[in-house]
């Protein structure tokens, strides 16, 4: 600003100063407001009872707590203000604010002799800051529930969450990175102009200080100071429109990144499917054989399957209502039993059972009590309890969980031979299946039960049957996925559910077409197997093929147009760490990722990003938080504080928000892209104006600069971003690279056109130059630049039109934004400016001439010639941008020539992944197994099957295991298989 003041540009310097001051003040205010709000959320204040100096109980502020303090948890509940571990008693906690799960969690006292303490290993004993204690149960009457403080403030789990919100992961986005390169290019041009100005003024004999000041002024013209503010325009309007749709954005920078998304990961349960489940049936197993499936478990006679439904859970009574995991609630309510966990009942259980039970379940004369529970673990994929029947002298161990995990714990003679066949029948229909097992704990006393480890109990179980639940798709899921696929956006499923269930849901929702081939990949550290879903390929390899609902006619060759890979979390982990070549193929064609833990989900997102995809993640629960934060764009369907770590939170609960976010992201990116091109074009055009006028010893006046920069460019830039997103997603993502051929050619073509036009009118005015005009029109300012000149008038008035044409040319409409004429504010501003510019060009009044220091030509013919040049400039500029840039280069030629492409599609990334494979590695595998690339031709025999369910070949016995192939680092797929 001192530079402009020294040049006499007081109005311009003052306007810049006021604008900058207001902008900085608002930024500081909003930043400070957000920081204080986040700090208050971490450092809440409640009065807490703390035990100090032996048994002395004090009531202090929670802000005074330090690690190691012993605190009492009130019986009526409270908000936890620190991380603490329960050492005595039990607490029922609502962790929805931290995890997004609305299910109350039971936190028990930490056991003695449990080994080294870690936060992860002892999660079920830890109270986290920000959660709410709903109810407590003391271990003895009159004794409070006690906990030891572990962490406080920003060191807590909630503090870490707030830190991730305040300091999100940096976004390495091509557009943002290239803006710096482009600014560097503008600075280089400015440097050349500065050298030119210095040489010119030196030749004219000006003093050194004058040369330095005037030359440095050129840099502020070529590199516009308003550029950062202008780039945020599209983001601000997009954020406002998203808020109106009840989609809240915490990280505005992520909006532009949304415009480049070419792959979306979806969680299944609660995201693609409805939150609630319906109990479909139970399938008991007696003495190693399945019995008839029952749709009403209440009709099931007393058995260990029924006992598991009744007592293998973590349900509790809160405010007179049964609460807990939705799956547990559905199972328990279906049995018709009742649960009582009141203090009186629990105390009475000590008399009836000979020990204290945490909950009592009863129905008629039958009564069960839970004496110990092992909560569900995503790593183990199961939960279990130890129960006792009234009148029995022994305990029973009950377990339920993923069938593939439970079966590994069971005695072989208790497993039906058609176990896998029955499981596949349900999972391939999209049902969720839980396996149930039990064993009797004979001669085991309560003291040992209280201390025994889970691993010691999880052996020698007896299989009791299946519990089958139905998880229906949300009504809008197929429509949304179809919209994304039509927009050339790849969709994949990342779920913790069973593999076959996930594949079935993927087919049902359209993520996998009915005619597409799905190959399941299983791997450990040394071996990778590729198999179809259910046909035997040869004596050495067993393949299964997921066919369409209507089986193919006999001896018909079906062309499967696309090949999808499906993999479990365990196999994905082995491939990620041990099989980099297989990982490339998995990332390129993987569609279903099942049995994925929260850590697996996060790592998958990171691997996809490393491969070059722009990844969005959509989920609704605590299991998705890591992936939501890791993705380029995280869209959470949960309103919990944990989900706030994701850039976007949708209150609608529907995945319809995903295409909405992507549309707004594309519109914002196109807006930012266009504004950047506009600011670059305007600054270079103005730079050329100044260089031209420097050549005759003059310049634009103070108010001329002010009119151009504030009353034209700033207003047009602000109105630029008001264009709404287009209603449909285009198949091609918008451009992201500013330094690619197309945007550079577009900007510099428009700049050359503008410069050529200015040069033409400059020489037209210069040819009529009156050498005495400066002295006559500017007699009292001999020491200042002679702004009054015909050249100044010609170049200034024509250039004011050019800034409008540039804005119109770069304000792209379809296919990412609505047509420009629908942006009424922009059109109105442009119309007013054109009218004012016409008045300046054709008939400026005396006040306007005086304020803007204009010297119009006396001849009307000359003014009309200038007007004709302005109109010709507009026609050429707009047609060139529309026909040459948008239609010919971006629309046609870029499809043929890779070097013209400015955006990244998922096909390009997949092609790059498969093209960069290690040929030596894959060639070495050809001697061991056949490697195939999609599309695969598979010859299949027609097999009778229920509607929608693949049938099983008569020669495939589910009780038999396929002969494993154990080649180190080998990968196999089937090609042209004939059964």
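Numbering (full-length UniProt numbering), first residue to last: 1 to 979.
Built from N, CA and C at the ideal position, the CB exists for glycine as well.
For residue i, count the other beta carbons within 10 Å of its own beta carbon; 16 or more makes it buried, fewer makes it exposed. Which is it?
i, result
"residue 767", "exposed"
"residue 503", "buried"
"residue 258", "buried"
"residue 301", "exposed"
"residue 792", "buried"
"residue 704", "buried"
"residue 106", "buried"
"residue 751", "buried"
"residue 866", "buried"
"residue 76", "exposed"
"residue 916", "exposed"
"residue 620", "buried"
"residue 471", "buried"
"residue 847", "exposed"
"residue 819", "exposed"
"residue 585", "buried"
"residue 896", "exposed"
Could you tell me which residues DSSP pairs with residue i in its beta bridges?
i, result
"residue 674", "Answer is none; residue 674 lacks a bridge partner."
"residue 372", "386"
"residue 362", "338 and 367"
"residue 252", "DSSP, once it has assigned bridges, lists no residue as partnering residue 252."
"residue 619", "636"
"residue 593", "494 and 567"
"residue 817", "725"
"residue 438", "398 and 462"
"residue 282", "294 and 467"
CB-CB under 8 Å to residue i, same chain, minus the five flanking residues each way: which ones, in chain order?
i, result
"residue 687", "189, 190, 193, 218, 221 and 222"
"residue 159", "42, 129, 151 and 153"
"residue 734", "259, 260, 666, 669, 670, 673, 816 and 903"
"residue 400", "308, 312, 382, 383, 384, 406, 434, 435, 436, 437 and 467"
"residue 604", "265, 494, 572, 593, 596 and 627"
"residue 876", "753"
Of the choices the options, whose alpha-carbon is the least far from that of residue i?
i, options, result
"residue 628", "251, 84 and 750", "251"
"residue 131", "156, 444 and 116", "156"
"residue 232", "17, 331 and 714", "714"
"residue 617", "450, 489, 500 and 705", "489"
"residue 566", "605, 523, 505 and 499", "499"
"residue 722", "878, 230, 248 and 848", "230"
"residue 822", "850, 726, 908 and 794", "726"
"residue 363", "357, 709 and 306", "306"
"residue 163", "646, 127 and 283", "646"
"residue 118", "83, 753, 342 and 387", "83"
"residue 79", "94, 608 and 67", "94"
"residue 184", "161, 70, 623 and 738", "738"
"residue 795", "812, 698 and 847", "698"
"residue 445", "181, 228 and 394", "394"
"residue 55", "140, 146, 611 and 422", "146"
"residue 724", "241, 417 and 883", "241"
"residue 859", "834, 853, 764 and 477", "764"
"residue 465", "732, 869, 289 and 590", "289"
For residue i, which residues from the same chain have a beta carbon less than 6 Å from its beta carbon, with the 5 sequence-adjacent residues on both sides left out?
i, result
"residue 755", "688"
"residue 782", "Confidence in residue 782 is poor, its pLDDT being 41 and thus under 50, which makes the residue's placement too unreliable to answer from."
"residue 653", "637"
"residue 880", "none"
"residue 910", "588"
Can residue i be considered in contact with the ligand ADP, in the sense that its beta carbon sits closer than 7 Å to one or more heavy atoms?
i, result
"residue 792", "In terms of ligand content, the structure shown is empty, and the ligand ADP therefore cannot be addressed."
Apart from the five residues on each side of it in sequence, which residues of its chain come closer than 7 Å, Cβ to Cβ, to residue i?
i, result
"residue 980", "It is not possible to answer for residue 980, since the shown part of the chain is limited to 1 through 979."
"residue 108", "86, 90, 124 and 125"
"residue 814", "726"
"residue 324", "103, 104, 313, 314, 315 and 316"
"residue 197", "214, 215, 218 and 694"
*At what residue ranges does the UniProt domain "P-type ATPase A" (46 to 165) contain a whole run of the alpha helix (DSSP H), taking only runs of 4 or more?*
Every unbroken stretch of the alpha helix (DSSP H) spanning 4 or more residues and falling wholly within the UniProt domain "P-type ATPase A" (46 to 165) is given here in chain order: 96 to 99.
*asked:* Which complete alpha helix (DSSP H) runs does the region 462 to 534 hold, if anything under 4 residues is left out?
replied: Runs found: 477 to 486 and 499 to 509.
*Considering only residues of the region 393 to 436, which uninterrupted alpha helix (DSSP H) runs meet the minimum length of 4 residues and lie entirely inside it, listed in chain order?*
Correct list: 403 to 406 and 419 to 427.
*asked:* Please give the ranges of any alpha helix (DSSP H) in the region 211 to 241, keeping only runs that are unbroken, at least 4 residues long and fully inside the region.
replied: For the region 211 to 241, whole alpha helix (DSSP H) runs of length 4 or above, ordered along the chain, are 227 to 231.
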